[in-house]
Amino acid sequence: MNHPENISSSQLDQRHIQTDVILEKVVEAWTELQTQQPLVHCITNSVAANYAANVLLAAGASPAMIDNPFEAESFASIAAALSINLGTPTTEQMQAMQIAAQTVTAKGTPWVLDPVGYGPILKWRSDMADQLVLLNPTIIRGNASEISTLAGNQVESKGVDSTVSSNQVYLQALPLLAHCECVAISGESDFILSKDLNAVIQINGGSYLQPKVTATGCALGALIAAYSAVTKPSFATISAHVHFAIAGKLAFEQSQSVGSFNVAFLDEIHNMSADKIVQYADIQVLK
Amino acid sequence: MNHPENISSSQLDQRHIQTDVILEKVVEAWTELQTQQPLVHCITNSVAANYAANVLLAAGASPAMIDNPFEAESFASIAAALSINLGTPTTEQMQAMQIAAQTVTAKGTPWVLDPVGYGPILKWRSDMADQLVLLNPTIIRGNASEISTLAGNQVESKGVDSTVSSNQVYLQALPLLAHCECVAISGESDFILSKDLNAVIQINGGSYLQPKVTATGCALGALIAAYSAVTKPSFATISAHVHFAIAGKLAFEQSQSVGSFNVAFLDEIHNMSADKIVQYADIQVLK
Amino acid sequence: MNHPENISSSQLDQRHIQTDVILEKVVEAWTELQTQQPLVHCITNSVAANYAANVLLAAGASPAMIDNPFEAESFASIAAALSINLGTPTTEQMQAMQIAAQTVTAKGTPWVLDPVGYGPILKWRSDMADQLVLLNPTIIRGNASEISTLAGNQVESKGVDSTVSSNQVYLQALPLLAHCECVAISGESDFILSKDLNAVIQINGGSYLQPKVTATGCALGALIAAYSAVTKPSFATISAHVHFAIAGKLAFEQSQSVGSFNVAFLDEIHNMSADKIVQYADIQVLK
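Chains as they are written, first to last, in our numbering: chain A, 1 to 287; chain B, 1001 to 1287; chain C, 2001 to 2287.
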């Protein structure tokens, strides 16, 4: 995988076509999400639980936060997708995560791993993330610090926030594709490494206010899971990022402070349409 | 209890009077809620905790989320009502639920059971719901799938969401009145089965956006508990549903997407008045 | 410490000057908060987790909710400040609180204790609060009932809400200064007892709607911790209260019901400026 420099015009044409194909798939995925309203099993953190559920409902999916080890297997068995987030784990949630991940892996149900806070300071969750990676999540997503560190690099983080920029590190995430179909790094621009498309996709949009609202990354992980129930992993990951980027951009046009921005963001997540996706999606194919 | 068909005109008159009596009781209950600001002990899920507390505060009550087994008895002893919600149970919360339910049952304090996700897929909580039902909750509330299944029927659910309509199944809930004073089934219309009124009450209103906001049912359960501290079980249940239905209807007139709707909904929960109740309550007595 | 009666005019002048010094320190602290964006380790309750994180982000800090005992030591070691809130403790969180408090005490990192619900009814958390007080929190904050009871007085509370007024009891908190640098009692007016300033500071502002939004006190505790990472304990405590009081006052000018008030409040927390602090801060030095 090469850095996107010195691109010839024929390559540019190729990319233009590919972007159109992707855009069509995103519209299709969004439509399917509204039709199927897939049941998404979420094991998430105490900060994100309410917010992620509201984002999924607003987007068209049907979330259920089942995070105890006694029901994780039976529920994961019937869910259309699973989202595991390591934000504020408890011992019981950790057990539930392992059980649910094993269950969906055995059944072939798509699942997303969000290794919040991955790194040497937060060892307990990081050990669990390492174990979960070996169960082959369909998609791994996180911020630049988390994903780069998970991929084996030494990167600083600041608590659960990244200290490096997504466009600096996305190529470092390449080794993770040995374990999953798709890796997503969110940041000012989002980068998605896709194994089956053999490409890196860059998504632009959103607003600088998004990191000022807690749990947006966690909710994005849950939304990727929702989309993965209705389309292939790479298109699911791209679709969720495009959905977020457009909603963030349109919300910011209405509100420039965090409280009202977040209200508008949920509105725009819900008010998405095929037309808005076509009009506002900013997708670039790099490679 | 018979299906509400072939009603004679004299029965209609009876019902008209009865509705007026109920409306008066709802206004009275709302007024008492503002005056007494009852302390409501809530053991609820991680998705609903913040939202249910905000709904109770907005409505006039004083919520306290005490969900550990070490303080459940002493706190349940002083609370004016208890709300138990099985959304995302932990082992410690399960212990707290049993202790709190036993405490309030012994003291005669009213309490509400919300068996979120009841059904064969979520066995751990369903077993606990079965045990709690035997402690005779004052009121049992849930969506159509949950209540119908709890009453012994085989109904499909989709995670924690209902797949059947409230008006199809409310009569199936009848056997539950052997264990409680009142059963409430929320949905497009809400149905309340009352033992002491010997009637089924239908509440209309709200908005189609309400199920698109997570934890509204959970917050409704907590609000029923709040009202049960200031009036009889059936009027408490009706009052909470009317309060929600009017707030939902008025909020929807202001906002047609989920984020801003939810903000307006909390505003309208807080801005309720005797006049609004009289003007907007849509209560029908069936039987 | 004497009650502020019979004050001579020379003392009034003294106080006027002191208020100006404090105001300057508050502006400085707010500016530093924006610059340093300190990492704040929060162990908080399920009701407050999302809200407190959003308030800290809006205010300029970088929150991380790390509430398990297995990562509490390593994370507390790198955090710029720690906030411990006893709202809805679990056994694992209780362990995390002790470990984190011991860690920051040993390192000299500032930390805030918020003994939510302290009193004879909620013995488990109150015993923990007593233990944590002996570890010398930098700042202790709570409502009038909690702080007065923690200081050894017999005061009634209503669940987690106060039944006494802050201006009635703030002098009762004096003995707590044997264990900490600063004590803050929030209420209609806020009172801050400072050991190093040898004074009681009164902060006015806010809105009567603030207690109608859940977890505002918890978020205030977390914000005090954030400020304590960038300035001395007393100025940190004052700064956080001033930040809240101004945001509450300005939010109320925009919205008079709880849902929209809370959205505006988050906006105003984020839109704070040195100018607004100078224009709106209502600080009185009592002693």
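Every residue gets a Cβ at the ideal spot worked out from N, C-alpha and C, and that includes glycine.
Any beta-carbon of chain B closer than 8 Å to the one on residue i?
| i | result |
| --- | --- |
| T2019 (chain C) | no |
| E2005 (chain C) | Note on E2005 (chain C): pLDDT 39, under 50, position unreliable in the model; the coordinate value appears next. No, because no Cβ of chain B sits closer than 8 Å to the Cβ of E2005 (chain C). |
| L2286 (chain C) | no |
| P2089 (chain C) | yes |
| L220 (chain A) | no |
| N85 (chain A) | no |
| N198 (chain A) | no |
Round the Cβ separation of residue i and residue j to the nearest angstrom and send it over; I've been treating them as touching at under 8 Å.
| i | j | result |
| --- | --- | --- |
| G152 (chain A) | P175 (chain A) | 6 Å |
| A2199 (chain C) | K2287 (chain C) | 5 Å |
| E2181 (chain C) | P2120 (chain C) | Going by Cβ atoms, the distance from E2181 (chain C) to P2120 (chain C) rounds to 27 Å, so no, they are not a contact pair. |
| T2088 (chain C) | M1065 (chain B) | 5 Å |
| I2302 (chain C) | I2203 (chain C) | Residue 2302 (chain C) is absent from the model: chain C starts at 2001 and stops at 2287. |
| K2276 (chain C) | G2205 (chain C) | Contact flag wrong, Cβ pair sits at about 11 Å. |
| V2230 (chain C) | Q2036 (chain C) | 5 Å |
| E1092 (chain B) | N1068 (chain B) | 6 Å |
Taking Cβ-Cβ distances shorter than 7 Å, what residues in chain B pair up with residue i?
| i | result |
| --- | --- |
| I2121 (chain C) | S1074, F1075, I1078 |
| F235 (chain A) | Ordered by position in chain B, no residue passes the 7 Å Cβ test against F235 (chain A), which lies about 24 Å from the chain. |
| W2124 (chain C) | N1068, F1070, E1071 |
Step through the CB atoms of chain A and report whether any lies within less than 8 Å of the CB of residue i.
| i | result |
| --- | --- |
| V1213 (chain B) | yes |
| A2151 (chain C) | no |
| A2058 (chain C) | yes |
Just to make sure I have the definition right: I need the residues of chain C whose C-beta is within less than 9 Å of the C-beta of residue i. Which are they?
| i | result |
| --- | --- |
| N1167 (chain B) | Going along chain C, no residue has its Cβ under 9 Å from N1167 (chain B), so there is no contact; the nearest lies around 30 Å. |
List, in order along the chain, the chain B residues whose C-beta lies closer than 8 Å to that of residue i?
| i | result |
| --- | --- |
| S62 (chain A) | K1158, G1159, D1161 |
Give the DSSP-derived three-state secondary structure of residue i in the structure shown.
| i | result |
| --- | --- |
| F2070 (chain C) | coil |
| A233 (chain A) | Note on identity: in this sequence residue 233 (chain A) is Pro, with Ala being the wrong assignment. Helix at P233 (chain A). |
| V2055 (chain C) | helix |
| I2147 (chain C) | helix |
| Q2256 (chain C) | coil |
| L1286 (chain B) | strand |
| I2121 (chain C) | coil |
| P1175 (chain B) | helix |
| C1180 (chain B) | coil |
| N2136 (chain C) | coil |
| A2199 (chain C) | strand |
| P2063 (chain C) | strand |
| N1271 (chain B) | coil |
| L1220 (chain B) | helix |
| S2228 (chain C) | helix |
| L2209 (chain C) | coil |
| G1142 (chain B) | strand |
Counting only Cβ pairs nearer than 7 Å, list the residues of chain A close to residue i.
| i | result |
| --- | --- |
| V1155 (chain B) | What V1155 (chain B) touches in chain A: nothing, since even the nearest Cβ is about 15 Å away. |
| S1260 (chain B) | V263, D267 |
| S1257 (chain B) | D267, H270, N271 |
| A2252 (chain C) | For clarity, residue 2252 (chain C) is Phe in the given sequence; the question names Ala instead. Those within 7 Å of F2252 (chain C) in chain A number zero; the least Cβ separation is about 14 Å. |
Name the chain C residues whose beta carbon is nearer than 7 Å to that of residue i?
| i | result |
| --- | --- |
| M1272 (chain B) | What M1272 (chain B) touches in chain C: nothing, since even the nearest Cβ is about 11 Å away. |
| A1029 (chain B) | By Cβ distance, chain C contributes nothing, its closest Cβ being about 20 Å from A1029 (chain B), past 7 Å. |
| E1092 (chain B) | T2090, T2091 |
Residue i versus chain A: which residues are under 8 Å apart at the beta carbon?
| i | result |
| --- | --- |
| Y1051 (chain B) | N50 |
Let me see if you follow: with CB-CB separation under 8 Å, is residue i close to chain C or not?
| i | result |
| --- | --- |
| T47 (chain A) | Note that residue 47 (chain A) is Val in the sequence shown here, rather than Thr. Cβ-Cβ to chain C under 8 Å: yes for V47 (chain A). |
| S194 (chain A) | no |
| D1130 (chain B) | no |
| A1247 (chain B) | no |
| L1209 (chain B) | no |
| L1039 (chain B) | yes |
| N1204 (chain B) | no |
| N1054 (chain B) | yes |
| S8 (chain A) | Reliability fails at S8 (chain A), whose pLDDT of 43 lies under 50, so the model's placement of it is uncertain and the value that follows must be treated cautiously. Cβ-Cβ to chain C under 8 Å: no for S8 (chain A). |
Kindly list, in the order they appear in chain B, the residues whose Cβ is closer than 9 Å to that of residue i.
| i | result |
| --- | --- |
| L223 (chain A) | Chain B residues near L223 (chain A): none, gap ~14 Å exceeds 9 Å. |
Using a Cβ cut-off of 9 Å, pull out every chain A residue sitting near residue i, in sequence order please.
| i | result |
| --- | --- |
| F2244 (chain C) | Those within 9 Å of F2244 (chain C) in chain A number zero; the least Cβ separation is about 14 Å. |
Does the beta carbon of residue i fall short of 7 Å from some heavy atom of the ligand NAD?
| i | result |
| --- | --- |
| G1119 (chain B) | With respect to the ligand NAD, the structure shown offers nothing to examine, as it has no ligands at all. |
List, in order along the chain, the chain C residues whose C-beta lies closer than 8 Å to that of residue i?
| i | result |
| --- | --- |
| M1065 (chain B) | N2045, S2046, V2047, G2087, T2088 |
I'd like the list of long-range same chain contacts for residue i, defined as Cβ closer than 7 Å, with 5 residues on each side in sequence excluded.
| i | result |
| --- | --- |
| V2164 (chain C) | A2144, S2145, S2148, V2155 |
| L2056 (chain C) | V2040, P2063, A2222, L2223, A2226 |
Got a sec? Which residues, its chain only, sit under 6 Å from residue i by beta carbon, not counting five neighbours each side?
| i | result |
| --- | --- |
| A1072 (chain B) | A1096, I1099, A1100 |
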